[in-house]
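Under full-length UniProt numbering, the first residue of the sequence shown carries the number 1, and numbering increases by one thereafter. From the three backbone atoms N, C-alpha and C, an ideal C-beta is built for every residue, glycine too.
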Amino acid sequence: MKWKNVLFVVFISAATAIGSVWGFSKYQRMQTAGTQEPGKLPANYASFFDKSSAPSSAIDFTAASASATPAVVHIKVETKSRKVTNNLPSSPFGDLFGDDSPFGDFFGGPRVQTIPGERASGSGVIISDDGYIVTNNHVVANADKITVTTSDKKTYKARVIGTDPSSDLAVVKIEASHLPYLVYGNSDDLKLGQWVIAIGYPFTLDVTVTAGIVSAKARDIGLGRSKSNGSATTIESYIQTDAAVNPGNSGGALINTDGQLIGINSAIASPTGSFTGYSFAIPVNIAKKVVNDIIKYGAVQRGYIGITFLDITTLSDEQKKELKIDNYNTGLYVGDVSEDGAAQAAGLKKGDVITAINDRPVNNSGQMSAIMGEKKPGDKLNVTYMRDGKQLQGTLTLKNSLGTYKQMTAEEASSSKLGADLVTLTPEQASKYGINGGVQVTNLKDGAFKKAKIQNGFIIISIDGQTVHKAEDARKILKESTGLIQLRGIYPDGDAIYGYPLRLDNEDSDNSGN
């Protein structure tokens, strides 16, 4: 009898084990993320394979790190010392005795200060085997010398192909071939809680790998928000992670566990300047569009809707009640609608609330930036919006800053932003005006120059203390500048030196005219 009991227990245990194995295998089959056609590879490994179906296995970052680190580079920049002036008008003593004359100080004229040269460093990501590298604009802005060191310790001189302060991205190039490079992933596929890896050169150390999870998407942290008027001056739709990122990581790679590039590390939120748990990366879907535009056209092709808007998620209950939108908790409240703009042609009016574009939710300004950052003039958008409690739809075609649908060259984009053409003075003209050289403002129209009260014919002698003799030099400085800068120069029919504070807040932001 005793042996019968023992055999019965053994039988039950074996049956339970077999049943568990069968059940687990069936559960695993049910957890398959999708099916794959014979002979075809999935387009996006990160979204195809459901790694959550193996909870007992630890996440392994070694393969992704090993494949990606050779494509992340160390960027070192040098800037020369330069002279700058304050924003006070010129005094006659400054003209007679020089801007650093003590008489100019006594009479309140402009004071010339020398900003010493600097050395800084950041990171970059190789995106092609022939040497194109994407990094942050703030890493290479105003650099006089750029050197790139690859993971195998080879050093190259780099040149700037183009920059885009609006997205804080830049493209530089080194003369090399057969380089390792990263493949673009799809940042739209990222999910909260997904593992990501940050690679860069923090604190001038050697290449460093850290890991974390996606904490938030479409995050607008107000880095480009103008303190004077509260409007955003950059495209902000960051991926927020808790992967450790420190000074020097800027421009480095954020990758998924398949080694695909899904973001460019750009900023941290910290009271100390070092990592405290919050890091932010530019989504690769925005970055690849900016990079392709810079390489192909020399300038980013940005499309405009033609509205101003308010992010409803940032408004108080009192503000929403005043605007008669107290029933809405998300979306974008349409303010002004530009005459002859894309939005007006689609039927949008002041007071409408935009809720989606191309069936993608638009709950806040960060989501709007993510969508607009991927678009160009001529693209058609299907806009969903609310009016008087009813859901409506309209189709619009994005325009460029000139109000047309064509792609613009770098010179056209610069001219559009400034609202004028820049022409190099001939040696004869410079001699006639008693100067060594300069750049004349012509064909003045709406833009930054007109807002600064600069008049047609003004001859620029210096920009933020940097002497300019050629139009291309002036365009380069202006293109790489943001915020408030100082222009100094003369008019052909006068002998006084004029100073103009010029604001170059980017007008590409969605809540100030997109």
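**Request:** Can you give me the start and stop residues for the beta strand (DSSP E) that Lys390 sits inside?
**Result:** 390 to 397
**Prompt:** Leaving out five residues before and five after Gly124 in sequence, what residues of the same chain have Cβ atoms less than 6 angstroms from its Cβ?
**Reply:** Only Val73, Ile75, Ile133, Thr135, Gly251 meet the Cβ criterion.
**Message:** Tell me which residue opens and which closes the alpha helix (DSSP H) that residue 536 is part of.
**Reply:** In the structure as shown, the chain starts at 1 and stops at 514, and residue 536 therefore has no counterpart that could be examined.
**Asked** If you run the structure through DSSP and keep just helix, strand and coil, what is Glu37?
**Response** With a pLDDT of 41 at Glu37, under the threshold of 50, the predicted position of this residue should be treated as unreliable, and no value is reported.
**Item:** Cutoff 7 angstroms; reference Glu374; Cβ partners in own chain excluding five residues on either side
**Value:** Asn285, Ile286, Lys289
**Prompt:** If you drop the 5 nearest sequence neighbours on each side, which residues of the same chain put their C-beta closer than 6 angstroms to that of Ala216?
**Reply:** Gln240
**Request:** Within the stretch 123 to 154, note down every full alpha helix (DSSP H) run reaching 4 residues or more, in order along the chain.
**Result:** 137 to 140
**Message:** Checking 8 angstroms against the spacing of the C-beta atoms, do Gly168 and Thr79 come in under that value?
**Reply:** The sequence given here places Asp at residue 168; Gly does not occur at that position. No, they are not a contact pair.
**Anticipated Cβ contact below 8 angstroms, Leu478 with Ile461, distance rounded** = Going by Cβ atoms, the distance from Leu478 to Ile461 rounds to 14 angstroms, so no, they are not a contact pair.
**Message:** On the criterion of 16 or more Cβ atoms from any shown chain inside 10 Å, does Leu96 qualify as buried, or is it exposed?
**Reply:** Confidence is the limiting factor: at Leu96 the pLDDT is only 44, short of 50, which leaves the residue's position unreliable and the question unanswerable from this model.
**8 angstroms Cβ shell around Asp326 - same chain, five flanking residues per side excluded** = Hits under 8 angstroms: Asp317, Lys320.
**Boundaries of the beta strand (DSSP E) in which Lys380 is found, first to last residue** = 380 to 387
**Asked** For the candidate residues Ile255, Ile174, Ser481, whose alpha-carbon lies nearest to that of Thr210?
**Response** Ile255
**Message:** Quick check: the stretch 185 to 204 against the stretch 256 to 270, are at least 3 beta-carbon pairs closer than 8 angstroms?
**Reply:** yes
**Request:** In the DSSP assignment, find the beta strand (DSSP E) that holds Val441 and state where it starts and stops.
**Result:** Counting along the chain, the beta strand (DSSP E) containing Val441 begins and ends at 439 to 442.
**Item:** CA-to-CA distance, Phe309 to Gly347, given in whole angstroms
**Value:** 16 angstroms
**Asked** Rounded to whole angstroms, how far is the Cβ of Arg219 from the Cβ of Tyr201, which I believe are closer than 8 angstroms?
**Response** Not a contact, Cβ separation roughly 24 angstroms.
**Request:** Measure from the alpha carbon of Ile354 to the alpha carbon of each residue in Arg159, Ala345, Thr384, then state which is nearest.
**Result:** Between Ile354 and the set Arg159, Ala345, Thr384, the nearest pair of CA atoms involves Thr384.
**Asked** If you draw a straight line from the alpha carbon of Thr147 to that of Ala158, how long is it in whole angstroms?
**Response** 6 angstroms
**Asked** Where does the unbroken beta strand (DSSP E) through Asn265 begin, and where does it stop?
**Response** Its beta strand (DSSP E) spans residues 261 to 268.
**Request:** For Tyr491, I'd like the list of residues in its chain whose CB is within less than 8 angstroms of its CB, leaving aside the five on either flank, ordered along the chain.
**Result:** Gln455, Gly457, Phe458, Ile459, Tyr498
**Request:** For the alpha helix (DSSP H) holding Phe449, just list the boundary residues, first then last.
**Result:** 448 to 451
**Message:** Please tell me whether Ile371 and Arg387 are closer than 8 angstroms, where the distance is taken between their beta carbons.
**Reply:** no
**Request:** State the Cα-Cα distance for the pair Leu418 and Ala448, rounded to the nearest angstrom.
**Result:** 5 angstroms
**Asked** Whose C-beta lies closer than 8 angstroms to the C-beta of Ile295 among residues of the same chain, with five residues either side of it excluded?
**Response** Tyr132, Ile161, Gly162, Val171
**For Ser462, three-class secondary structure by DSSP** = DSSP places Ser462 within a strand segment (E or B) once states are collapsed to three.
**Separation of Tyr278 from Ala64, as counted between CA atoms** = 22 angstroms
**Asked** For the 8 angstroms Cβ check, are there 3 or more pairs between the stretch 322 to 340 and the stretch 299 to 309?
**Response** yes
**Request:** Please classify Lys399: is it buried, with 16 or more other beta-carbons within 10 angstroms of its beta-carbon, or exposed?
**Result:** It is buried - the Cβ of Lys399 has at least 16 other Cβ atoms within 10 Å.
**Residues bridged to Gln486 (per DSSP)** = Beta-bridge pairing links Gln486 to Pro501.
**Continuous alpha helix (DSSP H) stretch holding Glu428: start and end** = Here the alpha helix (DSSP H) through Glu428 covers 427 to 433.
**Item:** Distance, Asp293 Cα to Ser431 Cα
**Value:** Computed Cα separation, rounded: 40 angstroms.
**Message:** Closer than 7 angstroms to a non-hydrogen atom of the ligand MN - does that hold for the CB of Arg475?
**Reply:** You won't find the ligand MN in this model; it holds no ligand whatsoever.
**Prompt:** Per DSSP, what kind of secondary structure is Ser367 in: helix, strand or coil?
**Reply:** Per the sequence shown, residue 367 should be read as Gln rather than Ser. Gln367 falls in the helix class under three-state DSSP.
**Message:** Cutting at 7 angstroms between CB atoms, please list the residues of its own chain near Val207, excluding the five before and the five after it.
**Reply:** Contacts found: Thr69, Val72, Ser151, Ile199, Tyr201.
**Request:** Could you check if Ile59 is buried or exposed, using at least 16 other CB atoms within 10 Å of its CB as the buried criterion?
**Result:** By the Cβ neighbour-count rule, Ile59 is exposed, with fewer than 16 other Cβ atoms within 10 Å of its own.
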